[in-house]
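Going letter by letter, the sequence shown gives residues -27 to -1, 1 to 161 in mature numbering (1 follows the signal peptide of the UniProt record, and there is no 0).
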Amino acid sequence: MTSFLPSGLLAGAVLLLAGCAGSGGHAQTPDRSGTRALPVAGDLASIRYDVGPCHGDCPVYSIEVLPDGTTTFIGRQHTQVYGRQARQNGEQAFTQLRRTLAPWQPVMNQQRESTGCGPRITDMSHYTVTWTGRDGRQARLLHDGGCRSASALSLTRLFDEEIPDALGVASWVGTPSMAPLSGRPRHH
């Protein structure tokens, strides 16, 4: 198996995270107080994010990754593939996803919204990231894809492009209009 993020994407994610930590208008600031109750890697049972509908033809789907790297995609609306699809990406996929999203993870049993929205377009997709612990506790991050600050757009790009690419599910997201011309039917 290949690593979760190709070196270029990993470097980009590191720069994105470093930029977010150092900027005043960022999508989410990690809690540096030392009081964060973030679970250690072995305490998480899954990381899932759901992409909600927009006013137009935005893809509606969810992606869940388990500690063993099992990645489940569920296409609901305006996706290339509908229904449940799964693939095995290896443990490193979960570890890398956890590291990539760590700066935005709220304390367990809490929910918060990404910050630094800036100008906003209404009727865009909304994202819900859920970290579930082995003990059943959850932490949720809500992100509005209509936010137009540079950091918010970077977070949206991470959800829409970089994570699906790295997990090997980008071709499942797609949109029906991106269907290959070969005449192959979409899975429903």
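No residue lacks a Cβ here, since even glycine has one placed at the ideal position from N, Cα and C.
Which same chain residues, not among the five before or five after residue i, have their C-beta less than 8 Å away from its C-beta?
| i | result |
| --- | --- |
| residue 87 | -1, 1, 77, 114, 115, 116, 117, 120, 125, 128 |
| residue 96 | 27, 28, 29, 119 |
| residue 52 | 32, 33, 34, 145, 146, 147, 148, 149 |
| residue 84 | 112, 113, 114, 115 |
| residue 136 | 22, 36, 70, 73 |
| residue 143 | 134, 137 |
| residue 64 | 40, 41, 42 |
| residue 4 | The predicted position of residue 4 is uncertain, since its pLDDT is 42 and thus under 50; a value taken from the coordinates is nonetheless stated next. So the qualifying residues of the chain are 80. |
Name the DSSP bridge partner or partners of residue i?
| i | result |
| --- | --- |
| residue 48 | 34, 56 |
| residue 129 | Paired residues: none, contrary to the question. |
Over what stretch of residues does the beta strand (DSSP E) that includes residue i continue unbroken?
| i | result |
| --- | --- |
| residue 24 | 17 to 24 |
Give me the Cβ distance between residue i and residue j, rounded to the nearest whole Å; I'm assuming they're in contact under 8 Å.
| i | j | result |
| --- | --- | --- |
| residue 146 | residue 22 | About 12 Å; that fails the 8 Å criterion. |
| residue 17 | residue 40 | 7 Å |
| residue 20 | residue 140 | The pair is not a contact, with the Cβ atoms about 11 Å apart (cut-off 8 Å). |
| residue 42 | residue 61 | 6 Å |
| residue 66 | residue 44 | 7 Å |
| residue 38 | residue 98 | Contact doesn't hold; Cβ gap of about 20 Å is too wide. |
Cutting at 7 Å between CB atoms, please list the residues of its own chain near residue i, excluding the five before and the five after it.
| i | result |
| --- | --- |
| residue 8 | Low confidence applies here, because residue 8 scores a pLDDT of 42, under 50, leaving its location unreliable and the question unanswered by this model. |
| residue 91 | -3, 120, 121, 122, 125 |
| residue 94 | 119, 121 |
| residue 130 | none |
Along the alpha helix (DSSP H) that carries residue i, what are the first and last residues, could you check?
| i | result |
| --- | --- |
| residue 117 | Segment 111 to 117 is the beta strand (DSSP E) holding residue 117; no alpha helix (DSSP H) there. |
| residue 122 | It is not in any alpha helix (DSSP H) - residue 122 carries neither H nor E in the DSSP assignment. |
| residue 137 | 136 to 140 |
Within a Cβ cutoff of 6 Å, which residues of the same chain sit near residue i, ignoring the five residues on either side of it in sequence?
| i | result |
| --- | --- |
| residue 50 | 33 |
| residue 82 | 110 |
| residue 105 | 18, 19, 111 |
| residue -7 | At residue -7 the pLDDT is 37, less than 50, meaning the model places this residue with poor confidence; the figure from the coordinates comes in the next sentence. Around residue -7: no qualifying Cβ. |
| residue 132 | 100 |
| residue 107 | 16, 18 |
At a cut-off of 7 Å, would you count residue i as near the ligand PLP, judging by its Cβ distance to the nearest heavy atom?
| i | result |
| --- | --- |
| residue 45 | As for the ligand PLP, it is missing from this structure, which has no ligand bound. |
My parser needs the beta strand (DSSP E) runs of 3 or more residues fully inside the region 52 to 107; what are they? 56 to 61, 84 to 86, 99 to 106
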